[in-house]
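If you read the sequences in order, they're chains A and B.
Numbered as in our numbering, the first sequence ends at 185 without a single skipped number.
Numbered as in our numbering, the second sequence ends at 185 without a single skipped number.
2 protein chains.
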Amino acid sequence: MSGAAQAVMAELGRTEALELLTAARVGRVVFTDMALPAVRPVNFAVCRGDVVFRVAAESRLATALDKAVVAFEADDLDACGRAGWSVVVTGLAELVEPGDEFDYLAARLPEPWAPGPHECVVRIRTELVTGRRITRLAG
Amino acid sequence: MSGAAQAVMAELGRTEALELLTAARVGRVVFTDMALPAVRPVNFAVCRGDVVFRVAAESRLATALDKAVVAFEADDLDACGRAGWSVVVTGLAELVEPGDEFDYLAARLPEPWAPGPHECVVRIRTELVTGRRITRLAG
């Protein structure tokens, strides 16, 4: 079990973490739903430095995220190599009001994977950005 | 953007969701850290029906998880095919006390990726298990 490759863990700076986040396509929004911790994968984009994605207007997600402090995680983890990176954003989430900003963001967002309409745009401010990378040195 | 393949989303039953979880090797524990939502990837195992993994004794994770209700998510998401599954467990987490149960679980756990000692074993009861799968039908 104790492999020959030594693990090295590094904290990522904000710039590098945001670069990794920008290149990712799927992340997980972490929020509170009826007083319980909750998590949901979404496809997203980084626009103007913030995490942005679509949700259905009548979803619990839309209700739970508006004006709440949430976390957002993306990663690329190699289970075989036991290495990879993870980035976590913590910040205020809000539903973007209809208007120029909504139109700008909506035009840059990927189509949600799940079927059905996703009329709302959620923006998470990247107030706190942390990340970690685990690499392995040859033994 | 509106691809030819139609998306179909299905809720997973507890049995299927636990099977997927058992086959996964990496998941994300979702908890509250100093009143903020937090998330951390860990490698884990399903033992006796519960999610089990190691943490460092002096970590904030160990402190934050003990006797807290948390969520745990694992997924397999294909960003290109825009399909995949996600399973979420919600339940009580606790540090397992030294003893027979600790020894049994510790012997079945994968070695943590991160360097350094990980002396504690965390068990999350799979009280609530939900899951979703998105598949695409050829257009």
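Think of the CB as a built atom: it goes at the ideal place given N, C-alpha and C, for glycine as much as any other residue.
This one's a predicted model, so the numbers in the text were calculated from it and none came from an experiment.
- Under the DSSP assignment, residue 183(A) falls in the beta strand (DSSP E) whose first and last residues are 174-183.
- Nearest to residue 120(B) by C-alpha distance, out of 179(B), 154(B), 52(B) and 79(B), is 179(B).
- Straight-line measurement puts the Cα of residue 160(A) at about 16 Å from the Cα of residue 98(A).
- When the alpha-carbon of residue 59(A) is set against those of 96(A), 109(A), 176(A) and 181(A), the nearest one is in 176(A).
- Assignment of beta-bridge partners to residue 136(B) by DSSP yields 117(B) and 174(B).
- Taking CB atoms only, residue 148(B) has no neighbour in chain A less than 9 Å away.
- In terms of beta-carbon proximity, residue 83(B) lines the interface with chain A, with at least one pair separated by less than 9 Å.
- The Cβ atoms of residue 79(A) and residue 102(A) lie no closer than 9 Å to each other.
- DSSP places residue 81(A) in the coil class of the three-state scheme, outside both helix and strand.
- Counted as a single uninterrupted DSSP element, the beta strand (DSSP E) harbouring residue 56(B) occupies residues 52-57.
- By the Cβ rule, the stretch 143-155 of chain B counts as touching the stretch 88-96 of chain B, because three or more pairs are nearer than 8 Å.
- For residue 131(B), the pairing in a beta bridge is given by DSSP as 122(B) and 179(B).
- Per DSSP, the continuous alpha helix (DSSP H) segment holding residue 149(B) begins and ends at 146-154.
- Judged by DSSP secondary structure, residue 91(A) falls within the beta strand (DSSP E) whose first and last residues are 91-93.
- Between the C-alpha atoms of residue 168(A) and residue 74(A) there is a straight-line separation of about 13 Å.
- In this chain, the beta strand (DSSP E) harbouring residue 100(B) covers 96-101.
- Of all residues in the stretch 52-64 of chain A, only 53, 54 and 55 place a beta-carbon less than 7 Å from a beta-carbon of chain B.
- Going by C-alpha positions, residue 157(A) is about 47 Å away from residue 147(B).
- DSSP places residue 106(A) within a helical segment (H, G or I) once states are collapsed to three.
- Here residue 87(A) is bridged, per DSSP, to 74(A).
- Restricting attention to 104(B), 69(B), 182(B) and 162(B), the CA atom closest to the CA of residue 124(B) is found in 182(B).
- Residue 89(B) and residue 104(A) have their C-alpha atoms spaced approximately 34 Å apart.
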